[in-house]
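Here it is as structure tokens:
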């Protein structure tokens, strides 16, 4: 039934199958390249939009370095004035990297935050994505109120049984605020 | 065997999860909610049907000694195509399942059906077999996900109907083993007579 397993047959068969598969993959990659770019951009835009006040136009991606690390951020411009910043900030949570998009007003006030990616425990730390009670606490913090957990001398209540996640989240927000403050000093 | 029974045997008689006990890695890992289970099942179904068809067409031409590498290359191709398509057109599903999609390559259900069925049957029969086993897998994953979601988060398909937190352990790995074990017992006691 099957072709004989001679060296020539095996080589021929594997080479042909691999060639055809490579061609299919190349085609699929070329076909989906643009839509994937578009989809990733939409996700990014949605997360930027969610953490900034309404109106204004979003600038291209910029980089700032703070505390020995580079942060990616976007400016929201209305006319020539910067209305707000969206800073991508990541820290280490309980299960791995916790990446946030943080919207910060020029005076260092937190506008809103959103989780971009995380690997926290489902049902515990992962609630940092959905627990509005926790997330809403950050609004308005920054210039005079410290972005710190209550256990660390600040005003943020941690998510029950998820102190490490909450601390990582808080640190990411506070780093983003510091990045914006350092930007203001430079200008 | 009639064409129809080729499809339906995957539901109960040859159910990949509860009877053949194949593909346990994605079963345990992705069934944290009913939706996740359903999506993972459908992704596997897609690969299973296409790889079964391709392999049953190729089988007579492939020398015996290299048939496993050839099958794996074919399966990996379909999985990568699926991954690209999901990334492009279903970014939300890709965000939750992304990690587990490449693992479909080594899901023993896919290679298992290629070895046990597709390489000695016609293209159409193989497609029906892939459809049946894939639907059976989807069904099992959705049921496991549903049970874990109800117990663990108090919701079903994302709709919350029990207030509060639920029994956390069921969302995590130990709950996956527990639910799978008990469902397997029930399945074999009542359905598979």
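Residue numbers (the numbering used here), protein chains in the order written: chain A, 2 to 188; chain B, 65 to 257. The beta-carbon is built from N, C-alpha and C at its ideal position, and this holds for glycine as well.
For the C-beta of residue 5(A), the chain B residues within less than 9 Å are, from N- to C-terminus, 127, 128. Interface annotation, residue 37(A): in contact with chain B, CB-CB separation under 8 Å.
Using a CB distance below 7 Å, the part of the region 139 to 169 of chain B facing chain A consists of 141, 144, 145, 148, 149, 151, 152, 153, 155, ordered along the chain. Around the Cβ of residue 249(B), a 10 Å sphere holds fewer than 16 other Cβ atoms; the residue is exposed. Of all residues in the region 214 to 248 of chain B, the ones placed with a Cβ closer than 8 Å to any Cβ belonging to chain A are 216, 217, 229, 230, 232, 235, 236, in chain order. Cβ atoms of residue 176(A) and residue 140(A) stay farther apart than 8 Å, at about 17 Å. Within the region 43 to 60 of chain A, contact with chain B at the beta-carbon level (separation under 8 Å) is assigned to 43, 44. Listed in chain order, the positions of the region 201 to 212 of chain B with a beta carbon within less than 9 Å of a beta carbon of chain A would be empty, since no residue qualifies. A straight-line Cα-Cα distance of about 44 Å links residue 98(B) and residue 144(A). In this model, residue 160(A) and residue 226(B) are separated by some 20 Å (Cα to Cα).
Within the same chain, Cβ atoms closer than 6 Å to the Cβ of residue 121(A) are found at 94, 95, 96, 127, 166, the five residues on either side in sequence being excluded. Between the region 104 to 124 of chain B and the region 222 to 237 of chain B there are fewer than three inter-stretch CB-CB distances shorter than 8 Å, so the stretches are not counted as touching.
The count of Cβ pairs closer than 8 Å, one atom from the region 156 to 176 of chain B and one from the region 205 to 214 of chain B, stays below three, leaving the stretches out of contact. Within the same chain, Cβ atoms closer than 7 Å to the Cβ of residue 73(B) are found at 196, the five residues on either side in sequence being excluded. Along the region 87 to 113 of chain B, the positions whose C-beta sits under 8 Å from a C-beta of chain A are 96, read in chain order. Contact annotation, residue 161(B) with residue 107(B): C-beta distance approximately 7 Å; criterion of less than 8 Å satisfied.
When the five nearest sequence neighbours on each side are left out, the beta carbons in the same chain lying within less than 8 Å of the beta carbon of residue 121(B) are those of 187, in order along the chain. Interface residue (Cβ-Cβ distance to chain B less than 8 Å): residue 10(A) is classified as such. Taken in chain order, the members of the region 125 to 157 of chain A whose beta-carbon sits within less than 8 Å of a beta-carbon on chain B are 125. Residue 174(B) is positioned such that its CB atom lies no closer than 8 Å to that of residue 217(B). Remark: C-beta atoms of residue 255(B) and residue 85(B) do not approach each other more closely than 8 Å. Of the candidates 158(A), 44(A), 114(A), 114(A) places its Cα closest to the Cα of residue 106(A). Here residue 20(A) is exposed, its C-beta having fewer than 16 other C-beta atoms within 10 Å.
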